[in-house]
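Student: Residue numbers (the working numbering): 284 to 432. For glycine and all other residues, C-beta sits at the position ideal for the given N, C-alpha and C. Before I ask anything, let me first share the structure, which is written out below as structure tokens.
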Amino acid sequence: MLEVLITLMLLSTTLIAFAAVYPAAFKLNRKTHRSVQAAELAGAVAEELRTLPFNRPAALSPGGLYLEDFTRNEGWEPGTARFRNFPRTEIPEPYSLVSNDGEDLGIVVLGDAPFTYADIRVTVFWMEPVNRQMVQRHVTIHTARTGNR
Numbered sequence: 284m285l286e287v288l289i290t291l292m293l294l295s296t297t298l299i300a301f302a303a304v305y306p307a308a309f310k311l312n313r314k315t316h317r318s319v320q321a322a323e324l325a326g327a328v329a330e331e332l333r334t335l336p337f338n339r340p341a342a343l344s345p346g347g348l349y350l351e352d353f354t355r356n357e358g359w360e361p362g363t364a365r366f367r368n369f370p371r372t373e374i375p376e377p378y379s380l381v382s383n384d385g386e387d388l389g390i391v392v393l394g395d396a397p398f399t400y401a402d403i404r405v406t407v408f409w410m411e412p413v414n415r416q417m418v419q420r421h422v423t424i425h426t427a428r429t430g431n432r
């Protein structure tokens with residue numbers, strides 16, 4: 284009888300230890316999944332940017348997007364007529380290419396005109412509950428594009 288009681292006590296202690304670890308592992312798994320999905324979205328948008336030509340030669344009529352469009356004036360602004368079809372990659376909720384406060388834009392292209400090299404940075408933002416508060420997280424993908432000279 285004593286052996287059974289000791290076995291039950293050890294078994295219950297082990298199960299309680301696993302039960303305490305399981306919620307933390309579940310939260311970590313969910314956080315990691317969101318980070319990986321955000322990195323995949325940022326990579327897809329960065330690849331869209333890498334496929335764009337550097338600039339619009341004067342001989343071509345206006346139309347389409349160019350990397351130069353993302354650096355001139357204020358650069359990329361979501362919701363403007365020029366960028367209404369960009370990105371083609373669908374950005375599902377809760378992800379965004381604009382920070383929660385609207386201060387940071389997720390697409391930054393740096394380069395000199397005419398381009399020989401462009402530094403492309405794509406940041407995907409999302410809100411995540413941490414300690415019963417919503418905290419903004421982000422993933423940034425850096426890539427580059429060089430001219431064919």
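So, helix, strand or coil for residue 309, using DSSP?
Tutor: On the sequence shown, position 26 is the one that residue 309 refers to. The answer is helix: DSSP assigns residue 309 an H, G or I state.
Student: Residue 374 by DSSP, collapsed to three states: which one?
Tutor: Taking the first residue of the sequence shown as 1, we reach residue 374 at position 91. Coil, per DSSP.
Student: What residues in its chain sit with their C-beta under 7 Å from that of residue 389, if we drop five residues either side in the sequence?
Tutor: Counted from its first residue, the sequence shown places residue 389 at position 106. The residues are 380, 381, 405, 406, 407, 408.
Student: Apart from the five residues just before and just after residue 425, which ones in its own chain have a Cβ nearer than 6 Å to its Cβ?
Tutor: Here the question's residue 425 lines up with position 142 in the sequence shown. So the list reads 404, once near-sequence residues are dropped.
Student: Between which residues of its own chain and residue 391 is the CB-CB distance below 6 Å, once the five residues before and five after are set aside?
Tutor: Mapped onto the sequence shown, residue 391 falls at position 108. Correct list, in chain order: 404.
Student: When you compare only the Cα positions, how much space is there between residue 386 and residue 303?
Tutor: Position 103 of the sequence shown, counted from the start, is the residue given in the question as residue 386. Position 20 of the sequence shown, counted from the start, is the residue given in the question as residue 303. Straight-line Cα distance between these residues: approximately 39 Å.
Student: Just mark residue 370 as buried or exposed, buried being the case when its beta carbon has 16 or more other beta carbons within 10 Å.
Tutor: In the sequence shown, counting from the first residue as 1, residue 370 sits at position 87. With 16 or more Cβ atoms within 10 Å of its Cβ, residue 370 is classed as buried.
Student: If you draw a straight line from the C-alpha of residue 298 to the C-alpha of residue 327, how long is it?
Tutor: Translated into the one-based positions of the sequence shown, residue 298 becomes position 15. Translated into the one-based positions of the sequence shown, residue 327 becomes position 44. So the alpha carbons of these two residues sit roughly 43 Å apart.
Student: Please state the DSSP three-state secondary structure of residue 284.
Tutor: As a first step, residue 284 is located in the sequence shown; it is residue number 1 there, counting from the start. Residue 284 falls in the coil class under three-state DSSP.
Student: Compute the distance between the beta-carbons of residue 337 and residue 350, then report whether it is under 8 Å.
Tutor: Here the question's residue 337 lines up with position 54 in the sequence shown. Here the question's residue 350 lines up with position 67 in the sequence shown. Contact flag set, yes.
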